[in-house]
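Report on the structure given below.
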Amino acid sequence: MLAKWKQFLGKIKILRSLKARLFFIILLAGIIPSTGMRYAILQSYEDRSVSVRIADVQNQFKILANHLIIYGYLHDTSSEVVNSELDQLSNLYDGRVLIIDKNFKVIKDTYGISEGKTVISEEVIKCFKGTSTTNYDRKNGYIEITTPIVDTVVSTGAASPKPEDTGEANLAEGVILSSVSTNTIMTTLDILNRRALIVELIALVFIVAIALAMAKLLTAPFERVTQAINDVKAGFTDEQISVNDYVETEHIVDAFNQLLGRMKVLDDSRQEFVSNVSHELKTPLTSMKVLADSLLMQEEVPAELYKEFMTDIANEIERENKIINDLLSLVKMDKKAADINITSVDINELLELILKRLRPIARKKEIEIIFESIRPVTAEVDEVKLTLALSNLVENAIKYNNPSGWVKVTLDADHQFFSVEVADSGIGIPEEAQEHIYERFYRVDKSHSREIGGTGLGLAITRSVILMHRGSIKVMSEEGKGTVFTVKIPLIHPV
Ligand code: ADP
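Those letters in the sequence shown? Residues 92 to 586, by the numbering used here.
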């Protein structure tokens, strides 16, 4: 029910505005009590007026009932005193009076229509037992009142037994059945209603004005938030924004400021990356220029020198090429993980292939590569990307090793993850450098890394690939002793 109502409200476009909702709520909060109050006041005025009129009429007719007894009117209706009193009363109350005798016969009707007729109604029967009745007919605008005509001299003596106790015994000698008009009450009510309506309309104008002002005032902080965000968007400011009017606006602004902070960090790192890339790409070019210039400046350069310089230039070109290739791999990794191509891969086989490819390089440096596979492992991975990541680790273990050193690769798995450990007997990584080694272009010893053909991008690529597989990478190293990289990757790729 509530959901349907919300859906309905959502469909009415204007009601989707907080300002409009506040306006309507304040408007209703103003109108409902004032209209309710008008109805309540008019209703209580009407009730009070009717009961006053009834009490008044009942008093008058009680006196009349006494006169009817005194003048024996129930036996003889010729008494002028009573007749004129009857006319007076019916004029006064703008109504009709019927006098009914013990035989339920109308002996007098001020309208002169029903004389001689019999009236047996519930009210009349009740009244004969001594109880006066009243009946307010709002629709037709009159009150019907019955008053018993009781001979007080007789009834006081016989008054002790109650009518109920005496069964059917009638206490009254006759009944006065009167209907009095409520026109005067209705006219006053009408006037009052009209006045109250005018007051209410004036109040409504004020309520609308207040509702409009309040709705605008209460939603102003949200507009300030939008304005502040637009200012940032337009580039007028890149400061943190602040709108502290409400706890809610504070939350929105806090979240926005955090987003802004993250964007700034991203922007800074992008700028740093671009400047690093330019620098890295420029270095081989500068070397090549120096080599070429020195050849050009000399006359009659011996062929051996040409050859030597050209070999250096070729090496620099190769280096430039490697940097560009690494950069392209990194950019690919930075793209969404949706690009990942997961298949079921035999990890033992994958490692065997990597090591087979790298063994000749290791042999050149007289480094021994040992592979220990604790159990066969098949896992859901991106074969190409994981090969690149693990190759980088083994390549580093060879590159930063000492001559006649060793590299040990161990593959193991539990029921959830497989782990690849790449340990070496190399130069190690100083403790303070360990947290930076995954940063792009970071190298512990720049010149050494350059010498052995490092770009500073290898571990950044490796880490990206492992994170893409929802895995982790850890390093343990001691300078001069060696390094151990441990990679853990889920056997089943989490979606
Ligand atoms: P590079 O292309 O320079 O090898 P990486 O990102 O692969 O770049 O590695 C970053 C730095 O971390 C390297 O320059 C090197 O100083 C250090 N490093 C990485 N692996 C090892 C290792 N096995 N032993 C010693 N130092 C290492």
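Positions of the beta carbon are idealized from the N, C-alpha and C atoms, including for glycine.
Determine the closest residue to methionine 379 out of Lys217, Ser360 and Arg410, with distance taken between C-alpha atoms. In terms of Cα proximity to methionine 379, the closest of Lys217, Ser360 and Arg410 is Arg410.
Simplified DSSP state of valine 556, which is helix, strand or coil: The answer is helix: DSSP assigns valine 556 an H, G or I state.
Can you find a heavy atom of the ligand ADP that lies under 7 Å from the Cβ of isoleucine 518? For the ligand ADP, a non-hydrogen atom lies closer than 7 Å to the CB of isoleucine 518.
For aspartate 281, report the span of its alpha helix (DSSP H) as first-last. Aspartate 281 -> alpha helix (DSSP H) spans 274-325.
Distance check for isoleucine 543 and asparagine 483, CA to CA, integer angstroms please. Each residue's Cα considered, the two are about 14 Å apart.
How many whole angstroms separate the CB atoms of phenylalanine 114 and alanine 294, which I take to be in contact at a CB cut-off of 8 Å? Wrong, their Cβ atoms sit about 16 Å apart, outside the cutoff.
Quick one: what's got a C-beta closer than 7 Å to aspartate 192's C-beta in the same chain, skipping five residues either side? The answer, listed in chain order, is Leu165, Ile198 and Gly265.
Taking its Cβ as the centre, do 16 or more other Cβ atoms sit within 10 Å of serine 495, making it buried, or is it exposed? Serine 495 comes out exposed.
What residues in its chain sit with their C-beta under 8 Å from that of valine 148, if we drop five residues either side in the sequence? The answer, listed in chain order, is Tyr184, Ile234, Ile236, Ser269 and Val271.
Tell me whether serine 568 is buried or exposed, calling it buried when 16 or more other Cβ atoms sit within 10 Å of its Cβ. Serine 568 comes out buried.
Kindly identify the DSSP beta-bridge partner or partners of alanine 470. Residue pairing of alanine 470 in beta bridges, as defined by DSSP: Val436.
Taking threonine 501 and glutamate 463 to be in contact with their CB atoms under 8 Å, please state how far apart those CB atoms are, rounded to whole angstroms. The beta-carbon distance between threonine 501 and glutamate 463, rounded to whole angstroms, is 5 Å. This is short enough to meet the 8 Å contact definition.
Indicate, with yes or no, if the ligand ADP has a heavy atom lying under 7 Å from the CB of valine 535. Relative to the ligand ADP, the nearest heavy atom lies less than 7 Å away from the CB of valine 535.
From the DSSP output, in three-state form, read off methionine 92 for me. Note: methionine 92 maps to coil in three-state DSSP.
Assign isoleucine 190 to one of two classes, buried (16 or more other C-beta atoms within 10 Å of its C-beta) or exposed (fewer than that). That one is buried.
Beta bridge counterpart(s) of proline 581 as assigned by DSSP: According to DSSP, which records beta bridges pairwise, proline 581 is partnered with Phe508.
In the DSSP assignment, what are the bridge partners of glutamate 569? Partner(s): Gly573.
Grab the span of the alpha helix (DSSP H) containing arginine 531 for me, first residue to last. It is not in any alpha helix (DSSP H) - arginine 531 carries neither H nor E in the DSSP assignment.
The ligand ADP and lysine 572: does the residue's C-beta get closer than 7 Å to at least one heavy atom of that ligand? Lysine 572: no, Cβ never under 7 Å from the ligand ADP.
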